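Quick notes on the structure that follows.
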Amino acid sequence: MNIHQALLAAQATLAPSLEASEAKLEAQLLLQHLLNVNRAWLIAHANDTLQTNIHEDFEALLNRRLLGEPIAYILGCREFYGLQLKVTPDTLIPRPDTETLVEAVLAKVLPDQTAHILDLGTGTGAIALAIASNRPQAQVTAIDASQAALDVAIENATSLNISNVHFILSDWFAAINNEKFDVIVSNPPYIETSDAHLSQGDLRFEPITALASGKDGLNDIQKIIESCLIHLKAQGWLMLEHGYNQAEQVADLMAQAGLVSIETIKDFGGNHRVTIGKNSLIVSAHWG
Ligand code: GLN
Numbered sequence: 008m009n010i011h012q013a014l015l016a017a018q019a020t021l022a023p024s025l026e027a028s029e030a031k032l033e034a035q036l037l038l039q040h041l042l043n044v045n046r047a048w049l050i051a052h053a054n055d056t057l058q059t060n061i062h063e064d065f066e067a068l069l070n071r072r073l074l075g076e077p078i079a080y081i082l083g084c085r086e087f088y089g090l091q092l093k094v095t096p097d098t099l100i101p102r103p104d105t106e107t108l109v110e111a112v113l114a115k116v117l118p119d120q121t122a123h124i125l126d127l128g129t130g131t132g133a134i135a136l137a138i139a140s141n142r143p144q145a146q147v148t149a150i151d152a153s154q155a156a157l158d159v160a161i162e163n164a165t166s167l168n169i170s171n172v173h174f175i176l177s178d179w180f181a182a183i184n185n186e187k188f189d190v191i192v193s194n195p196p197y198i199e200t201s202d203a204h205l206s207q208g209d210l211r212f213e214p215i216t217a218l219a220s221g222k223d224g225l226n227d228i229q230k231i232i233e234s235c236l237i238h239l240k241a242q243g244w245l246m247l248e249h250g251y252n253q254a255e256q257v258a259d260l261m262a263q264a265g266l267v268s269i270e271t272i273k274d275f276g277g278n279h280r281v282t283i284g285k286n287s288l289i290v291s292a293h294w295g
């Protein structure tokens with residue numbers, strides 16, 4: 008069997024569970040991964056014979072995909088904000104929606120600003136690394152409660168050669184001491200524990216601690232908002248991703264905590280996805 012025939016057969020295998028264009032793309036991605044080649048190579052070598060052992064490995068990967076395993080975990084990587092990131096089942100798979108959160112931060116932090124930024128629950132490091140690479144003058148602290156996730160994030164920082172992020176094992180603010188930040192950003196878990204989506208699609212394979220957060224999905228968001236003022240500089244921003252239907256509750260919680268200039272931002276799909284609020288404290292003047 009040649010590469011072209013193997014791809015067509017793979018596409019047909021995946022077709023019942025995916026859209027046609029996705030089936031074609033994923034078949035190519037899986038074979039590229041096995042052969043360690045790019046798409047152009049695959050197309051140029053369509054008539055090459057596929058070795059039996061590679062063909063068997065290809066079928067095994069197709070099977071994993073058919074059983075629902077996310078393509079990002081099979082490939083071990085996912086692109087986010089132009090960065091190629093390693094992902095493992097210890098980390099959430101970065102979503103395009105979260106790029107909205109990165110853009111919200113970049114809109115507030117000027118390119119030459121030496122801002123201190125804290126990313127809570129960094130996972131693969133996606134948010135922290137996207138900010139750090141676009142704001143080289145900024146110092147980013149990224150925490151996660153999972154050492155396994157932090158190891159992935161550290162590997163991503165190293166392979167992307169991004170040196171203005173440092174990583175700390177911490178349960179939210181627990182290990183942050185007295186440090187204060189210009190921006191605190193987070194994509195925390197925010198799904199209701201009873202949400203049926205948790206047992207569907209990619210979510211089945213992702214770490215539940217990165218997804219679900221109590222009865223209304225707001226447990227962790229609430230914790231972060233309650234403690235944020237201790238760690239925000241005067242006029243510093245808290246920026247949170249949340250569920251499409253949580254904007255009002257998140258804004259209320261921010262207002263109750265005393266944050267001001269609260270605003271919700273939509274993602275590319277038109278859903279309310281990110282809410283931001285500011286520490287109202289004015290930078291104190293120095294006299295004498
Ligand atoms: N946005 C993800 C989803 O709904 C959830 C990520 C999260 O809980 N932070 O699939």
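Residue numbers 8 to 295, in my numbering, belong to the letters of the sequence shown in order. Built from N, CA and C at the ideal position, the CB exists for glycine as well. Computed from a prediction, not measured in an experiment: that's the story for all the values here.
- For the 9 angstroms CB-CB criterion, residue 85 and residue 79 form a contact.
- Shown here, residue 44 sits in coil according to DSSP, grouped into three states, outside any helix or strand.
- Take residue 155, set aside five residues on each side of it, and the residues of its chain with a beta-carbon closer than 6 angstroms to its own are 97, in chain order.
- For residue 242, the enclosing beta strand (DSSP E) begins and ends at 239–248.
- For residue 91, there is no enclosing alpha helix (DSSP H); the residue is found in the beta strand (DSSP E) stretching over 90–93.
- Taking every protein chain shown into account, the CB of residue 241 has fewer than 16 other CB atoms within 10 angstroms, so this residue is exposed.
- Within the segment 133–175, the complete alpha helix (DSSP H) runs of at least 4 residues fall at 133–141 and 154–166.
- Distance from the C-beta of residue 41 to the nearest heavy atom of ligand 1 is not below 8 angstroms.
- Under the 10 Å beta carbon count, residue 144 is surrounded by fewer than 16 other beta carbons and is classified as exposed.
- Where residue 280 is concerned, the enclosing beta strand (DSSP E) starts and stops at 279–286.
- Using a C-beta cut-off of 8 angstroms, the segment 124–136 makes contact with the segment 149–169, since at least three inter-stretch Cβ pairs fall below that distance.
- Rounded to the nearest angstrom, the Cβ distance from residue 253 to residue 225 is 7 angstroms, consistent with a contact under 8 angstroms.
- Under the rule that a run must span 3 or more residues, the beta strand (DSSP E) segments found entirely inside the segment 45–121 read 84–87 and 90–93.
- Shortest Cα-Cα distance from residue 231 to any of 48, 157 and 196 involves 196.
- Secondary structure at residue 177: coil, using DSSP grouped into helix, strand and coil.
- Counting only residues of its own chain and dropping the five nearest sequence neighbours on each side, residue 77 has a CB closer than 7 angstroms to the CB of 100, 209 and 212.
- Nearest in C-alpha terms to residue 170, of all of 187, 136, 157 and 180, is 136.
- Going by beta carbons, residue 269 and residue 250 fall outside the 9 angstroms limit.
- With a cut-off of 8 angstroms, the C-beta of residue 279 is classified as distant from ligand 1, since no heavy atom of the ligand falls inside that distance.
- In terms of Cα proximity to residue 68, the closest of 227, 272, 55 and 14 is 14.
- Distance from the C-beta of residue 105 to the nearest heavy atom of ligand 1 is below 8 angstroms.
- Rounded to whole angstroms, residue 47 and residue 142 show a C-alpha spacing of 33 angstroms.
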